[in-house]
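FYI, the numbering for the sequence shown is 51 to 358, going by my numbering. Glycine included, every Cβ here is placed at the ideal spot set by N, Cα and C. Predicted model, so just to flag it, every value in this text is computed and none were measured. Structure first, commentary second.
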Amino acid sequence: MAVKQFMGYAKWWILSKCGRKSPLVITVGIGYACNLRCRHCHIDSMLKANPGMKAAQTYDEIVADLEERYSSGARIAYFEGGETTIWKDGDKDLGDLIDAAKRIGYYNVGYTTNGTTGRIFTNSDVISVSLDGPKEVHDYVRGEGVYDKLMATLNGLEFSGSVYANMVLQKGNLEHIRETAEIVRSNPRLAGIVFNFITPPPYELLPSPEEKRKAIDEIASLKNEGFPILNSKKGLELLAEEDWESRCPKYLSAFTLPDGTRKNGCPSEGTESCRHCGYDAVREYYLVDRGTPSTILEMFPVFARSKD
Ligand SMILES: C[S@@+](CC[C@H](N)C(=O)[O-])C[C@H]1O[C@@H](n2cnc3c(N)ncnc32)[C@H](O)[C@@H]1O
Ligand code: SF4
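In structure tokens, the structure reads:
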């Protein structure tokens with residue numbers, strides 16, 4: 051299975067070099083509703099600024115989108131929110147969306163969750179849980195009691211795929227990188243951690259270039275020490291560079307937002323946010339597009355293949 055999928059990716063890559071510029075990864079924003087109000091997340095203020103906007107997709111809309119993207123070459127599907135685990139359309143929930151994506155043929159299907167809703171879906175290949183620091187720091191970013199709920203979710207989880215932590219580095223948690231990596235290393239449920247910087251808004255939480263450099267050096271040392279850091283070595287180095295407008299391989303990933311907007315590339319393209327991009331995935335896409343073997347090999351086990 052893994053060999054077949056590796057060959058499928060190789061075919062996509064060769065076709066992309068021959069001119070077929072179709073997305074490999076689709077990120078599907080299923081709904082903006084959320085039970086938390088994290089300091090670094092602008093979704094709630096965006097909703098308040100746009101009253102009456104469509105804030106969720108229906109099951110049929112999402113499945114139609116997955117089918118169309120698959121037929122043009124996509125093989126990796128990620129569900130995003132809001133809080134993904136509370137999305138519902140009639141009797142359909144996130145588990146049904148994951149089933150649909152697997153049935154269509156996506157190799158790697160995943161979702162991100164805050165891990166606090168008492169709902170977790172184990173039919174995906176991968177689960178990303180947000181972890182923004184040790185208990186006091188995570189709760190400062192995400193709200194009182196959130197850390198303990200996340201850890202309880204992880205402790206009770208029976209899942210045969212990979213679970214990884216996603217940390218958003220921002221003013222307020224930059225001093226806690228090592229501690230957070232230690233929490234991940236000592237938790238048998240977690241396969242590793244991906245570090246991203248905040249992509250503003252909010253601008254007041256954006257670290258300075260010097261703070262970013264220091265954080266990256268620390269993460270690189272942790273990776274050298276053997277901590278399970280899932281950013282590729284080269285991707286990590288590129289996190290220091292903020293403006294990706296001209297280098298972002300926009301064709302490679304596609305987004306559909308909860309309001310139904312479909313966009314190749316990134317929803318922030320051409321905005322001030324884009325000039326402060328902190329997403330590790332953008333660097334990894336850039337490296338994959340260039341055929342960087344070390345990054346492809348580092349990404350494949352967690353982010354690209356099916357769990358079985
Ligand atoms: C929008 S959330 C949706 C999933 C879920 N509600 C959660 O928090 O994990 C997906 C990821 O985006 C991150 N995120 C939110 N605001 C961000 C920002 N301004 N810059 C970078 N990442 C951000 C979250 O921390 C989370 O890891
Ligand atoms: S839990 Fe996720 S979607 Fe909800 S406020 Fe926090 S980052 Fe935003």
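Own chain residues within Cβ distance below 8 Å of Val-352, not counting five before or after: Val-176, Ser-212, Tyr-214, Ala-241, Gly-242 and Leu-280
Under 7 Å between C-beta atoms of Asn-216 and Val-187: no
Distance, Glu-275 Cα to Glu-37 Cα: Because the chain is modelled from 51 through 358, residue 37 falls outside the range shown and cannot be assessed.
Any non-hydrogen atom of ligand 2 closer than 6 Å to Gly-132 Cβ: Yes, the Cβ of Gly-132 comes within 6 Å of a heavy atom of ligand 2.
Val-332 versus Ser-174: straight-line alpha-carbon distance, rounded: 22 Å
Buried/exposed call for Arg-125, threshold 16 Cβ in 10 Å: Under the 10 Å beta carbon count, Arg-125 is surrounded by 16 or more other beta carbons and is classified as buried.
First and last residue of the uninterrupted alpha helix (DSSP H) at Arg-355: First-last for Arg-355: undefined, no H or E at that position.
Runs of beta strand (DSSP E) wholly within the stretch 160-213 (minimum 3 residues, chain order): 176-180
Residue burial classification, Cys-68 (beta-carbon count within 10 angstroms, cutoff 16): exposed
Pick from Ser-178, Val-75, Asp-189 and Gly-341 that is closest to Ala-151, judged by C-alpha positions: Val-75
Contact set for Ala-290: own chain, Cβ-Cβ below 6 Å, skip 5 residues either direction: Lys-262, Arg-263 and Ile-266
Inter-stretch contact (C-beta, 8 Å, three-pair minimum) for the stretch 137-146 and the stretch 181-195: no
Closer than 6 Å: Thr-162 CB and nearest ligand 1 heavy atom: Because some heavy atom of ligand 1 lies under 6 Å away, the Cβ of Thr-162 counts as near it: yes.
Three-state secondary structure (DSSP) of Thr-108: coil
Nonlocal neighbours in the same chain, by C-beta distance under 7 Å from Asn-237, ignoring five residues either side: Leu-204
Heavy atom of ligand 1 within 6 Å of Val-159 beta-carbon: Residue side-chain check: Val-159 keeps its Cβ at 6 Å or more from all non-hydrogen atoms of ligand 1.
Cβ pair Tyr-383, Asn-246 closer than 7 Å: No answer is possible for residue 383: the residues shown for the chain start at 51 and end at 358.
Short Cβ contact (7 Å threshold) for Gly-315 with Lys-300: Yes, Cβ-Cβ distance for Gly-315 and Lys-300 is below 7 Å.
Sub-7 Å separation of Pro-257 and Lys-283 beta-carbons: no
Own chain partners of Glu-111 with C-beta closer than 8 Å, once the 5 adjacent residues on each side are dropped: Gly-310
Length of the line joining the Cα atoms of Ile-170 and Thr-135: 7 Å
Straight-line gap, Asp-94 to Ala-83 (C-alpha atoms, nearest Å): Our two residues, Asp-94 and Ala-83, have alpha carbons roughly 9 Å apart in a direct line.
Whole-angstrom C-beta distance between Tyr-156 and Tyr-120, which should lie under 8 Å: 7 Å
Nearest-angstrom Cβ-Cβ length linking Leu-97 and Ala-105, presumed shorter than 8 Å: 6 Å
Cα-Cα separation, Ser-55 to Trp-63: What sits at residue 55 in the sequence shown is Gln, not Ser. When rounded, the distance between both Cα atoms is 12 Å.
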